[in-house]
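J.:
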Amino acid sequence: MLAGCSRALTVDDVIERNTSAMGGRAAIEAIHSIEINLHITDPGFEVDGIYHAARPGRMRIDVQAGGKQVFTEAFDGQQGWQSHDQSEPEPASPKAAAALRHGVELPGKLFGLHEMKQRGHKIDLVGRETVDGIDYYVLRLTFGDGYATSLYVDPQSWLITRRRDVRPLHVDVDPTPTTIEQRISDFREIAGVRFAFASTEIDLKTGKQLESTKVGSIKVNPPIDESIFKKL
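Last residue of the sequence shown: 460 in this note's numbering, with the numbers rising by one and none dropped.
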């Protein structure tokens, strides 16, 4: 009987349950800025990063290797830019800027799933899919620019613990798209909101691990000088 009830859930039901599991509308919408310290492991290298983001949709990540600044990229709400080894900033390609914008818009950093529609994006419940024994609710999130990704909501925790889409891992490094599954885990509560502290990205065609990220710390609503999104 419970299974029958769960199959009858609407997209709004799933969104509401996820929002509640994440901490509720008020707590999520109280996040105006965020600072995330993280460690990124790729097959060929390991780096540390500091990710800043602020409403209504700006971000910047500074990447260090061996204690040295090696890369910065940012999205100021309209355009993206990047800098290698603290060189003069240059505009990001349109595809790279779009990837930065999608990253900051995705639920789980600044915004909740319940805020997607008002931000000009569309959410559809496309059905159920069983992966590793979990019968997920699969939501299709289509951004305002047409880019789409699938979000997998665990019916036990109501958290988004997988995401799938067809894209390059780093578009300006290798523009070849592949089907990537991001596995999201280690949720911890900060300022009344649950954040994922670990993620792994897998190439579903080959099973190869492309990248893993571990979060060291998250600060909610730190003071941020808005100029950091526009220049070094």
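Each residue gets a CB set at the ideal place from its N, CA and C atoms; glycine is no exception.
#1: Can you list, in chain order, the residues of its chain with a C-beta nearer than 6 angstroms to that of residue 427? Leave out the 5 residues immediately preceding and following it.
#2: Using C-beta distances below 7 angstroms, list every residue in its chain close to residue 449, excluding the 5 sequence neighbours before and after it, in chain order.
#3: In whole angstroms, what is the alpha-carbon distance linking residue 249 and residue 414?
#4: Mapping DSSP to helix, strand and coil, what is residue 239?
#5: Under the rule that 16 or more other beta-carbon atoms within 10 Å means buried, what is residue 394, buried or exposed?
#6: Considering only the alpha carbon of each residue, which of 297, 430, 322 lies closest to residue 309?
#7: Taking its Cβ as the centre, do 16 or more other Cβ atoms sit within 10 Å of residue 327, making it buried, or is it exposed?
#8: Please name the residue in 446, 386, 337, 405 whose C-alpha comes closest to that of residue 392.
#9: With DSSP as the reference, label residue 246 as helix, strand or coil.
#10: Starting from residue 255, trace the alpha helix (DSSP H) both ways and give me its first and last residue.
#11: Quick one, are the C-beta atoms of residue 408 and residue 382 less than 8 angstroms apart?
#12: In three-state terms, what does DSSP make of residue 260?
#13: CA-CA distance, residue 462 and residue 339?
#14: If we require 4 or more residues per run, which alpha helix (DSSP H) segments fall completely within the region 385 to 448?
#15: Can you give me the C-alpha to C-alpha distance between residue 376 and residue 344, rounded to a whole angstrom?
#16: Check whether the Cβ atoms of residue 353 and residue 246 sit closer than 8 angstroms, and answer yes or no.
#17: To which residues does DSSP link residue 469 through a beta bridge?
#18: Is residue 277 a contact residue of the ligand COA, with contact defined as CB to any heavy atom under 7 angstroms?
#19: For residue 320 versus residue 301, is the C-beta distance shorter than 8 angstroms?
#20: Is it buried or exposed for residue 369, if we count other Cβ within 10 angstroms and need 16 for buried?
#21: Determine the DSSP secondary structure at residue 378, reduced to helix, strand or coil.
#22: Which first and last residues belong to the alpha helix (DSSP H) in which residue 331 is found?
#23: CA-CA distance, residue 431 and residue 451?
T.: On the basis of the coordinates in this document:
#1: So the list reads 410, 412, 441, once near-sequence residues are dropped.
#2: 259, 260, 261
#3: 14 angstroms
#4: helix
#5: exposed
#6: 322
#7: buried
#8: 405
#9: helix
#10: 253 to 257
#11: no
#12: coil
#13: Lying outside 229 to 460, the shown extent of the chain, residue 462 is not represented and no answer is given.
#14: none
#15: 13 angstroms
#16: Judged by their CB atoms, residue 353 and residue 246 are not nearer to each other than the 8 angstroms cut-off.
#17: Since the displayed the chain opens at 229 and closes at 460, residue 469 lies outside it and no answer follows.
#18: The ligand COA is not part of the structure shown, which contains no ligands of any sort.
#19: yes
#20: Only buried fits residue 369, as 16 or more other CB atoms lie within 10 angstroms of its CB.
#21: strand
#22: 322 to 333
#23: Approximately 37 angstroms between the Cα atoms of the pair.
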